[in-house]
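Counted the way our numbering counts, the sequence shown spans residues 883 to 991.
One structure is given here, and the rest of the page talks about it.
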Amino acid sequence: MSKRGENLQGALELLVLSSLEHEPNHGFGITSYIGEASEGLLRVEEGSLYPALHRMEKARLISGSWSVTTNGRRARVYRLTEAGKTRLSEARDSWKSVAKGVKKVLKYN
Numbered sequence: 883m884s885k886r887g888e889n890l891q892g893a894l895e896l897l898v899l900s901s902l903e904h905e906p907n908h909g910f911g912i913t914s915y916i917g918e919a920s921e922g923l924l925r926v927e928e929g930s931l932y933p934a935l936h937r938m939e940k941a942r943l944i945s946g947s948w949s950v951t952t953n954g955r956r957a958r959v960y961r962l963t964e965a966g967k968t969r970l971s972e973a974r975d976s977w978k979s980v981a982k983g984v985k986k987v988l989k990y991n
């Protein structure tokens, strides 16, 4: 995978883990949370989200179980694991550093 692909995957992982820090959720709920929290600036496509959820579940960063939603639909609900909490903390630190560097470059003139 290219470095750009790794960065995008890392960003998606950070967003998903961060959304699950607040409460367990299903795929649509995760995408809704990210859209609302970013005030519409970020949108996660289904084609990107579900493979990422499967990767994170395989890596034991999240755990999933089948449940019935409030509207009576069957959905896989994901929860943050202890390993996921650790990864979230590491990812936050990394992205804060990247954001700080980008901010400095944008100010540099």
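From the three backbone atoms N, C-alpha and C, an ideal C-beta is built for every residue, glycine too.
Buried or exposed by the 16-neighbour rule on C-beta atoms within 10 Å, applied to residue i
i      : result
Val898 : buried
Val987 : exposed
His908 : buried
Tyr990 : exposed
Glu895 : buried
Val926 : buried
Leu923 : exposed
Spatially closest choice to residue i from the options, by CA coordinates
i      : options                           : result
Ser949 : Arg958, His904 and Lys967         : Arg958
Arg942 : Ser920, Ala965 and Leu923         : Ala965
Phe910 : Thr951, Ser979 and Leu962         : Thr951
Ser920 : Pro906, Ser976 and Ser900         : Ser900
Pro906 : Ser976, Tyr960, Lys940 and Asn953 : Tyr960
Helix, strand or coil at residue i according to DSSP, with G and I counted as helix
i      : result
Arg937 : helix
Leu962 : strand
Tyr990 : coil
Bridge-paired residues (DSSP) for residue i
i      : result
Trp995 : Any property of residue 995 remains undetermined from this structure, which presents the chain solely from 883 to 991.
His904 : DSSP output for His904 lists no bridge partner at all.
Taking one C-beta from the region 926 to 934 and one from the region 970 to 977 each time, how about it: are there three or more such pairs within less than 8 Å? Fewer than three Cβ pairs drawn from the region 926 to 934 and the region 970 to 977 lie within less than 8 Å of each other, which leaves the two stretches out of contact.
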